[in-house]
Each structure stands twice: as structure tokens, then as C-alpha cells.
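Student:
Numbering (this note's numbering), first residue to last: 1 to 434.
#1: State buried or exposed for residue 369, treating a residue as buried only when at least 16 other CB atoms are found within 10 Å of its CB.
#2: Please give the ranges of any beta strand (DSSP E) in the segment 139-212, keeping only runs that are unbroken, at least 3 residues long and fully inside the region.
#3: Going by C-alpha distance, which of 253, 259, 351, 409 is nearest residue 118?
#4: With a CB to CB cut of under 6 Å and the five nearest residues on each side skipped, what residues in its chain are close to residue 159?
#5: Pull up the distance between the alpha-carbon of residue 392 and that of residue 398, whole angstroms please.
#6: Closest by CA to residue 395, which one among 413, 407, 406?
#7: Can you tell me the Cα-Cα spacing of residue 276 and residue 406, whole angstroms?
#8: In terms of alpha-carbon separation, which member of 135, 112, 140, 141 lies closest to residue 128?
#9: Taking 8 Å as the cut-off, decide whether the C-beta atoms of residue 187 and residue 156 are in contact.
#10: Can you check which of these residues, 211, 278, 367, is closest to residue 321 by C-alpha distance?
#11: Roughly how many angstroms separate the alpha carbons of residue 358 and residue 373, rounded to a whole number?
#12: Below 6 Å CB to CB, which residues in the same chain sit around residue 94 once its five sequence neighbours on both sides are set aside?
#13: At the level of alpha carbons, what is the spacing between residue 302 and residue 167?
#14: Identify the continuous beta strand (DSSP E) that holds residue 300 and give its terminal residues.
#15: In chain order, what residues of the same chain lie with their CB nearer than 6 Å to the CB of residue 22, ignoring the 5 residues before and after it?
#16: Ends of the beta strand (DSSP E) at residue 313?
#17: Count the other CB atoms within 10 Å of the CB of residue 282; is the residue buried (16 or more) or exposed (fewer)?
#18: Given a cut-off of 8 Å on the beta-carbon distance, is the pair residue 418 and residue 109 in contact?
#19: Which of the three DSSP states is assigned to residue 342 in this structure?
#20: Could you name the residues that DSSP lists as bridge partners for residue 376?
#21: To which residues does DSSP link residue 324 through a beta bridge?
#22: In angstroms, rounded to a whole number, what distance separates the CA positions of residue 184 and residue 178?
#23: Which one of 209, 181, 429, 290 has the shortest CA to CA distance from residue 254?
#24: For residue 297, I'd like the list of residues in its chain whose CB is within less than 7 Å of its CB, leaving aside the five on either flank, ordered along the chain.
#25: Can you tell me whether residue 154 is buried or exposed, with buried defined as 16 or more other CB within 10 angstroms of its CB?
#26: Do residue 341 and residue 349 have their C-beta atoms within less than 8 Å of each other?
#27: Could you tell me the distance, in whole angstroms, from the CA atom of residue 338 to the CA atom of residue 105?
#28: Using only alpha-carbon positions, find the residue among 285, 99, 376, 199 that is nearest to residue 213.
#29: Give every residue of the same chain whose Cβ lies closer than 6 Å to the Cβ of residue 231, excluding the five residues on either side of it in the sequence, and list them in chain order.
#30: Return the CA-CA distance between residue 429 and residue 326, expressed in angstroms with no decimal places.
#31: Counting only the same chain and skipping the five closest in sequence on each side, list residues whose C-beta sits under 7 Å from that of residue 291.
#32: Run through DSSP, which three-state label would residue 262 get?
#33: For residue 294, is the classification buried or exposed, using 16 other Cβ atoms within 10 angstroms of its Cβ as the cut-off for buried?
#34: Between residue 242 and the rest of its own chain, which residues show a CB-CB distance below 7 Å, the 5 nearest in sequence each way excluded?
#35: Check the C-beta distance from residue 351 over to residue 332 and give it rounded, since I have them as a contact under 8 Å.
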């Protein structure tokens, strides 16, 4: 998903919306990158590293030309016509996610059909599903005849495919869609929270962000004539968490804090004031910068300055108090993982520690996050995995790769190919058959 925002923006004109949608979907779905299977983060494109970055950067540059990023008008999110891009949420139908090992099993794709292997590379559930997610709570979401359901570890249908869209389980509940509305089911397939939300996110730390009209909305006039737009958090009984609503929810709860926004006025669009709240809804601190990710290792990536020559933002980290942890700034940053973060300077990437110092010098065209002591990188005509000292541990030719999970990593060996799995020695444990 996008960075956890769930705002529906009817203020956009159709032309602007069409351009924005085209840019976003071109970036997310046309690049054939691998998407890591991580709990309920469906649709998250994580650690894609490939020569497709050229296309990605082109799309990003095109989007930036259309984006007004004036921090005096709006903090915390990109915006077009004054509206935050990050307020969008596109719940996914398991199209590009679910790669990597989870609960001892990993998805494979053979001839366009999805199945599952074990850690030894043995097929335990034969490829038969159009699309599939990853295992969580002992179940995996799969698509059958254009509907979504769940299978168990034996490949048997555990929850019938009666849903129009579905997500992986998170905190014992799964987000599913019936018609145009989202709700939550338990492991038995029974609704724990009936489908009644226009937008929703999976549970995190006991709460889920939801949006809906409290009465009928008249789409033909695009006015809230019969109700108001509600954005709030619910608990696992479906009860609203807070008495007052928000005008935007940008990040779900993480470490006891969530990022929300309120409209405070208009100036060529909606002006939003963003701030972090605690689990009681109290404001912790106001966010006055553009942000890139949710908190990771208790650090948040924010824009701290602007390069006058390139007219692009520079990024650094702040902690959970809102304090900047280093005075250094970079062209781009990725979230910390295992104490290191990818940082980009002058179109090359390396790894920094939490002081902001490079511990692995910038030298890579593209780099991914560390997991289980290794990170995927691409340099000149080389690709593979390095350790935390920057030493090559695995050298392989691939276009895309995921970080290691349960001792295995998914890689795409040729552009547009079905992915394979390797172990930490670089040995293939499974390859798709022709």
C-alpha cells in the first residue's frame, strides 16, 4: 500500500486524478519488481533492485513536475492541487505481493499459476491459483475464479472464495472486501467486523484505520448530502476509537503512535496540519516536514532542506520525539534495517549507520535493505548480496531481488521472468521449469 494514508479526495478534478492514477500505477505495477511477503503489508513494493530503476526514476521525475511541494502550505505529504498524494489508499488484490518465505512456505509461480514450496524447494501445494498471498495465521489468501478465499498449509480451501478482494491476516484478523465495502474476518471466515467501510487498513497494535460515509453519499452530485465522511480508528470489536474524526490518516499505529491530519484552511487546495497522536488520541508532536516512510528502528525519514541546483529535497532522520538525529542530509533514504540504511548521494547508493556516517561507501546503482546479515545490491555489471562490511558474499546475475527471509531469498534472474529462490550460499533451492 501507499504510506498508510486512507483519505478519499473528491476535491481532485478528473483530469488531475487521471494523470495521478496513471503515474502511480505505472510506477507500482509496470516495473515487474518483486514484492516481499511481510504479514499484512499487501502491495508494498519492498527492496526492488534492478535496472528498471531508470524507468522508476523517470516516472518519479514526471510525478514531481506535477506536484506542488511547498511546505508552507502542507506538511507531511506530497500534494497535487493542494491535496496530499499520501492520503490515498489502494487496497490490493494480492497481485504483486506475497513473495518470500513466511511460516516455512513461499509462493512460486509456474506458467502464470501460483503454488507453494517448503524451505527445501519441494512443491507442497501445486501451482493452481491465479494469484496468492503469503501464509499468516496458518492461512494464505488466493484467487479462485475472480474471487478471493484462503487455503491451509495442505492446500485445502479453509475459507471459501466469496470475497471481491482480500488481504493477509494481521493480528488474527484479515481485511476483506464484499462489493464496495471492507470488513474483517477471523480465522474461521466469520465476520468479526461487518463490511461497512469505504477504505480500511489491516490491524496494527490493536487498531485499524477506516473511512466511510455515515449516511448515503450521492455520487451523481459528488456531494455529502446525506452524510459526512468519517476517518477514525476502530478496535477489534469495530468500535470507534476516538470521539472526533480526522481529515487524514497517514500512518497506522507503530510504537504507540499514529500520524493523522486535520484540515486547517484552503489555499489552492486543502491545507493539512499533520501530527502524531498516542493511543489516547493526544497530540505528541506536530510534523512540519515531508516524510517518506513510517517509523523503522524508531526513526522517521523526513525532508530537511532543498537543493537549490536540482530543486529537489534532501532527507534525514528524526526520532520519536521529533528531534533530528544527524545533521547530514541525502538525496534519498530508505528505512533502517539491522542498524543500517540505504542512502543515495549523486545517483549512487551506500549504507549509513545511525550517526549518519557511511559505513559502506556509495558505489551501488541500487541497493536493498539488510536482512539476516545480507543485502541485495547492483553495481556496474555485478549483482548479488553483500555483508555489513560491504564484502560480496553471493555473486549472481539477476534483475530483481528480495532480502532474505527464513534463510531464503527470491530473485528474478532475467527481466520479466518468474522468480527463483536461493539459500545463503547462493545455491538455487528452486527454479521455475520451462
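For each residue, glycine too, the CB sits at the ideal point set by N, CA and C.
Here the structure is a predicted model, which is why all the values come from computation and not from measurement.
Tutor: To lay it out plainly:
#1: Residue 369 comes out buried.
#2: Unbroken beta strand (DSSP E) stretches of 3 residues or longer found wholly inside the segment 139-212: 139-144, 147-151, 157-163, 165-170, 173-178, 181-185, 191-197, given in chain order.
#3: If you compare the alpha carbons of 253, 259, 351, 409 with that of residue 118, the shortest gap goes to 409.
#4: So the qualifying residues of the chain are 149, 150, 189.
#5: Near 15 Å, if we compare the C-alpha coordinates of residue 398 and residue 392.
#6: It is 413.
#7: C-alpha of residue 276 to C-alpha of residue 406: approximately 33 Å in a straight line.
#8: Of 135, 112, 140, 141, the residue nearest in Cα terms is 112.
#9: No; because the gap between Cβ atoms is not below 8 Å, this pair is not in contact.
#10: Distances from the CA of residue 321 to each of 211, 278, 367 were compared; the closest alpha carbon is that of 278.
#11: When rounded, the distance between both Cα atoms is 17 Å.
#12: Any reading at residue 94 must be qualified, since the residue scores a pLDDT of 27, below 50, and its modelled position is unreliable; no value is offered.
#13: Approximately 29 Å, taken between the alpha carbons.
#14: 300-307 is the extent of the beta strand (DSSP E) around residue 300.
#15: Confidence at residue 22 is low in this model, with a pLDDT of 33, below 50, so its placement is unreliable and no value can be given for it.
#16: Element bounds for residue 313: 312-318.
#17: So residue 282 counts as exposed.
#18: Yes, they are a contact pair.
#19: Strand at residue 342.
#20: Answer is 385, bridged to residue 376.
#21: For residue 324, the pairing in a beta bridge is given by DSSP as 318.
#22: About 10 Å.
#23: Residue 209 is the option with its Cα nearest to residue 254.
#24: Hits under 7 Å: 336.
#25: Burial is judged here by how many other beta carbons sit within 10 angstroms of a residue's own beta carbon; residue 154 has fewer than 16 and is exposed.
#26: Taking 8 Å as the cut-off, the beta carbon of residue 341 is found no closer than this to the beta carbon of residue 349.
#27: Cα to Cα, residue 338 sits roughly 23 Å from residue 105.
#28: The residue with the shortest Cα to Cα distance from residue 213 is 199.
#29: Closer than 6 Å at Cβ, skipping near neighbours: 211, 245, 246, 249.
#30: Straight-line Cα distance between these residues: approximately 42 Å.
#31: Taken in chain order, the residues that qualify are 76, 300, 301, 302.
#32: If DSSP states are grouped into helix, strand and coil, residue 262 belongs with the strands.
#33: Label assigned to residue 294: buried.
#34: Within the same chain, residue 242 has close Cβ partners 232, 233, 281.
#35: With a contact defined as Cβ atoms closer than 8 Å, residue 351 and residue 332 miss out at about 13 Å.
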